[in-house]
Amino acid sequence: MTTFVTAFMNIYPKDDPYAGKDIRWRFDRFFKLVETGIQICVYVDESGEELLQQCVELFPDTIRIMRVMNIYDTRIHKLCEQYDSINLPQSRNKPKDTYEYMVLMNSKIEFMYDTIQKNPWNSTHFAWIDFNVAHVFKNIPETQEYIKLIGNARITREFLLIPGCWYSLLPDSSDEVIQKSVLDTIHWRFCGGFFIGDRQSIVQFYDLYQEYFPGFLFQYRQLTWEVNFWAWLEWKIPDWNPNWFLADHDDSIVRMPYEYLSLCLSKDTESYQLQVYDYPIIESFRPMSASVTMLSNGYLGLNTRYVNYTLTATGSYIFHHPDRVIITKNIFSYLNHNMVPISFTEIENPDELTSHDCLFHGIEDIRIWTENESLRYIGTSVNYSPSGKNRIIYGKYDMIQQRLVESNVIEPPTDTYCEKNWTPVVVTGENTRFVYKWYPMEIGTIHPETNSLQINTTYSIVSPIFKKLRGSTYFREFLSDSRYLIGLLHFSEREWPRFYFHQLILLDKTTLKPVRCTQPFSFQDRTSIEFCIGLYEDKDRYHFWTSYFDRDPANISILKTELPFCIEVV
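All residue numbers for the sequence shown refer to full-length UniProt numbering, where the first residue is 1 and numbers rise by one.
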C-alpha cells in the first residue's frame, strides 16, 4: 500500500486568511482525503494540531501526526536565512505567493524524505498530496475512489511520476531563457499538488534537492515556486528523467495512468505459470483468443478463434486475403486434467442465418457456457447482421453436429453501430442474463419473441474505472464464496497501439451488483495488446486463456492468493 504525505501550516494571518480560506475551510477539504481510508502522514503547526487530533480520533489507524513544527523549522527556510535578502518572483499573486508559501511549497520533498525514514506502515511507495487539494476536484466521489485505488494497489514498479500541464524545457535553452521561464513567472511543467514514487526514486529526488537547491539560491538569490525549481532541475540534470503525465489543476491531477497501478502477472507473481498449446495449422490463419467452460459431462471445453490476419507490434494489420476480408473460424477442444487440448474440431457457422457480403465473415470472440445442461454461445458478427452493423449472435453450441445452431441476431436496446463484449451472467437454475454496460451498469434479458435485449436492472456506479470496463468472460459462481459471482473484465488505454488491462470482479449473486474487484493487471507484458475471454477457477488457482497481439494464445495461471480483491466497488 502507498503512504500519502501532506502538511498543514497556517502561513497567512489568522484575521486575514487568503481568499477567506481559513483553517476550518482547509481542514474540511483535507477531510475529503482522510475519509477515503488512505494511509496519510501529516506535518502540522500548532494552529492546526487540535483539529488534526480530532481527525486522528476518527481515523486512528490511517492518520499519523509525524511532527508538530512551523515553517521556520524547515531546511528551506534555514537555507534562505543565510542570505541578507532573498527575492520573490515579480509576476506572482502577492497575497498568496508569500515568502512563507514558497518555503512551504519547496519543503514537500523534505517532508517526504522524513516519512520515508520513519515509514510507519512499511510502504514501498509514497505520494505527496496537497493538504486541501480536494478544492480543485470537480467530481469528489469519483476522485476519492481513484485515490483509494492508489492507496490500496500493490505497486511494484520503480518510478517517480509527476503530473504536469506543459512539456519540458528545451535542453539547449540558454541560461537567459531559463531564468525568464523559472524565476519570475509560474512554470507549469509540473502541477505540484501530487506526485508519487518508490522509496529510492524519492530519496534520489531529495538528494538532488540538497545538492542543487543551495546553488540555485546562491546563483539567483531568488526563492521561486517548487514546480519552477523542479522544471529547472529537469533541465539542469539530463540524467534525471521523472515520469510525467498530462494533467491540470482538477481531478486529473491524481488520475495517474493505470500502467503504474497495475500488476504484471509474469513479473509480479511468484506462482505464474504459462503453457502454450500445439494448435493445428490452418493455412493463412492463426489461433488467438479462447473461451472455456465446464461441460455437463465433467470435461472442460474450449472454443478457440482463428483469424486470417496478423497484428504487428506497431498495431497495424497484415491481411492474408486478397480483398482484405477478415475471416473467423472457431475450433472446439476437450481439455484433459492438465488443461491441455486432446482434440480439435472445427465448428461450422449457423446455416439458419443469411450471410451478407462484407469485409468481416464469421462469428467473432465467442464465449461459451453451460446453461441447464445445454452449451450456449454468444459472439459478434457483421456478415450475419441484416443491418450490416456489428451485432450480437446468440445460440446453441452443438458439439454433436459440430455447428452453431438455433442462432439469432440480437438487437441492442438502442440502435448502435457496433455491439460486442456483452457479459453473460450465469446462475444455476436461472436463465442467463447479460450485462450490456458497466457505467451505469445495465443488465438485461433476451426477449425470445423479438430477439432483442431488454434492460430490466440498472445500477449507478461511482468507481471511475467502470467507465472504461468492457466484458471479457462470463460470470459464474465464485468457488471461494458462493454468495458471489466471478468474472473478468478489461479496459484499454491510449488509442494506438492500445494497452490492455484486466480486472477480476465479484458480483453479488442475488442483486448482480458489483461488490469488490482486484487491482488492474496485465499478463505477459506491462503494456501490450493482450486479450482474454477465458477464465476458469479451481480451489487454489485462476486459469486464464489469453492472446498476445491477436495471436500466440496461452494458458496462464496463478495462485488466487496473489490476486486479492483489494478494492471495494461503490
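Here a beta-carbon is modelled for each residue, glycine too, at the ideal position from N, C-alpha and C.
Remember, it's a predicted structure, so these values are computed and weren't measured experimentally.
Using DSSP's beta-bridge definition, name the partner residues of residue i.
{"i": "E371", "result": "S374"}
{"i": "T511", "result": "DSSP lists no partner for T511."}
{"i": "A127", "result": "F4, I196"}
{"i": "H447", "result": "S452"}
{"i": "V462", "result": "Paired residue(s): none; V462 is not in a bridge."}
{"i": "L488", "result": "L504"}
Can you tell which of the options has the C-alpha that lies nearest to the C-alpha of residue i?
{"i": "E283", "options": "S266, T314, I327", "result": "I327"}
{"i": "D552", "options": "D22, S289, V405", "result": "S289"}
{"i": "residue 591", "options": "G301, R324, L183, L302", "result": "What the structure shows of the chain is the stretch from 1 to 570, and residue 591 is not part of that stretch, so it cannot be assessed."}
{"i": "H361", "options": "N338, N372, Y474, H321", "result": "H321"}
{"i": "Q402", "options": "I392, G395, Y439, N349", "result": "N349"}
{"i": "P341", "options": "I378, T370, Y299", "result": "Y299"}
{"i": "Y474", "options": "Q90, I109, W369", "result": "W369"}
{"i": "G471", "options": "I40, R367, H135", "result": "R367"}
{"i": "V227", "options": "H187, M339, L274", "result": "H187"}
{"i": "N461", "options": "R498, K420, S492, L507", "result": "Reading off the sequence shown, one finds Ile at residue 461, where the question assumed Asn. Answer by Cα proximity: L507."}
{"i": "C191", "options": "V435, D351, V133, V276", "result": "V133"}
{"i": "Y436", "options": "F332, L246, A554, Q454", "result": "Q454"}
{"i": "F549", "options": "Q524, V570, T312", "result": "T312"}
{"i": "E406", "options": "E352, Y18, N303, L170", "result": "E352"}
{"i": "M256", "options": "Y12, L160, M66", "result": "L160"}
{"i": "E371", "options": "T414, F218, R476, Y417", "result": "R476"}
What are the start and end residues of the alpha helix (DSSP H) that includes residue i?
{"i": "K236", "result": "226 to 236"}
{"i": "H543", "result": "Premise fails: H543 lies in the beta strand (DSSP E), 541 to 548, not in any alpha helix (DSSP H)."}
{"i": "Y146", "result": "140 to 152"}
{"i": "W25", "result": "23 to 34"}
{"i": "S266", "result": "265 to 268"}
{"i": "L469", "result": "Careful: L469 lies outside any alpha helix (DSSP H) and carries neither H nor E."}
{"i": "L79", "result": "75 to 80"}
How long is the line joining the alpha carbons of residue i and residue j, rounded to whole angstroms?
{"i": "N383", "j": "D538", "result": "38 Å"}
{"i": "Y209", "j": "F229", "result": "9 Å"}
{"i": "N241", "j": "E234", "result": "7 Å"}
{"i": "L469", "j": "D84", "result": "58 Å"}
{"i": "Y146", "j": "E346", "result": "45 Å"}
{"i": "F501", "j": "H490", "result": "6 Å"}
{"i": "I378", "j": "G395", "result": "7 Å"}
{"i": "K519", "j": "P564", "result": "With the sequence shown as reference, residue 519 is identified as Gln, and Lys is not the correct amino acid for it. Whole-angstrom Cα-Cα distance: 8 Å."}
{"i": "D114", "j": "T74", "result": "12 Å"}
{"i": "L335", "j": "D398", "result": "17 Å"}
{"i": "R526", "j": "R498", "result": "12 Å"}
{"i": "F126", "j": "R24", "result": "27 Å"}
{"i": "E442", "j": "T423", "result": "11 Å"}
{"i": "W292", "j": "M112", "result": "The residue you asked about is not Trp; residue 292 is Val in the sequence shown. Between V292 and M112, the C-alpha separation is close to 48 Å."}
Whole-angstrom Cβ separation of residue i and residue j, contact assumed at under 8 Å?
{"i": "S385", "j": "V409", "result": "6 Å"}
{"i": "R286", "j": "E364", "result": "Not confirmed; about 14 Å, so no contact."}
{"i": "F544", "j": "I529", "result": "The pair is not a contact, with the Cβ atoms about 15 Å apart (cut-off 8 Å)."}
{"i": "V515", "j": "Y484", "result": "6 Å"}
{"i": "N260", "j": "I155", "result": "This sequence places Tyr at residue 260; Asn is not what is there. The Cβ separation is near 7 Å, so the contact holds."}
{"i": "V254", "j": "I150", "result": "7 Å"}
{"i": "C55", "j": "P120", "result": "Their Cβ separation, rounded to whole angstroms, is 16 Å, which puts C55 and P120 out of contact at 8 Å."}
{"i": "residue 605", "j": "I129", "result": "Any question about residue 605 goes unanswered here, given that the chain covers just 1 to 570."}
{"i": "I202", "j": "I116", "result": "6 Å"}
{"i": "I178", "j": "W232", "result": "7 Å"}
{"i": "K420", "j": "T380", "result": "4 Å"}
{"i": "R189", "j": "W166", "result": "5 Å"}
{"i": "E562", "j": "T269", "result": "4 Å"}
Between which two residues does the beta strand (DSSP E) harbouring residue i extend?
{"i": "K329", "result": "326 to 335"}
{"i": "T115", "result": "T115 -> not in any beta strand (DSSP E); alpha helix (DSSP H) instead, spanning 108 to 118."}
{"i": "V42", "result": "39 to 44"}
{"i": "W244", "result": "243 to 246"}
{"i": "F565", "result": "Looking at the DSSP string, F565 is not in any beta strand (DSSP E), and its letter there is neither H nor E."}
{"i": "S385", "result": "Where S385 is concerned, there is no enclosing beta strand (DSSP E), given that its DSSP letter is neither H nor E."}
{"i": "E176", "result": "Run containing E176: none in the beta strand (DSSP E); it sits in the alpha helix (DSSP H), 175 to 182."}
{"i": "P424", "result": "423 to 425"}
{"i": "A290", "result": "286 to 294"}
{"i": "C532", "result": "530 to 537"}
Any heavy atom of the ligand SAM within a distance shorter than 7 Å of the CB on residue i?
{"i": "I237", "result": "Inclusion of the ligand SAM in the displayed structure is not the case, the ligand content being empty and no account of it being possible."}
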